[in-house]
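Colleague: The letter at position 6 of the sequence shown is residue 17 when you use the numbering used here, and the numbering goes up by one with no holes.
For every residue, glycine included, the Cβ atom is placed at its ideal position computed from N, Cα and C.
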Amino acid sequence: METKIYHCMNPEENPLPFWMKPAQAQAQPQKEPELDLVEQFKKNPDSFFPDFTVKPPKQFSK
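(1) Less than 8 Å between C-beta atoms, sequence neighbours within five positions excluded: which residues of the same chain meet that for Lys32?
(2) Using a Cβ-Cβ cutoff of less than 6 Å, which residues in the same chain neighbour Pro61 once the five nearest sequence positions on both sides are dropped?
(3) Looking only at its own chain, which residues have a Cβ that is under 7 Å from the Cβ of Pro26, when we skip the five neighbours before and after it?
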């Protein structure tokens, strides 16, 4: 376990706990992946289905 020393006289030297750090990385707007997936599906719906779900063409017996 790591212990940290906190200075009462100079609070600028104190390390900030992770829960008190600004959440700038989390607050950034993110693109909605659902919309991207919808657009991808509209362009190429076959790419979302694995090959094993595709039935092979019927072979006619002679």
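Modeller: Taking the coordinates as given:
(1) Stepping through the sequence shown from its first residue, residue 32 is reached at position 21. Counting only Cβ-Cβ distances below 8 Å, and skipping sequence neighbours, we find nothing.
(2) One-based indexing of the sequence shown puts residue 61 at position 50. Excluding its 5 nearest sequence neighbours in each direction, Pro61 has no C-beta neighbour in its own chain below 6 Å.
(3) In the sequence shown, counting from the first residue as 1, residue 26 sits at position 15. Taken in chain order, the residues that qualify are Lys15.
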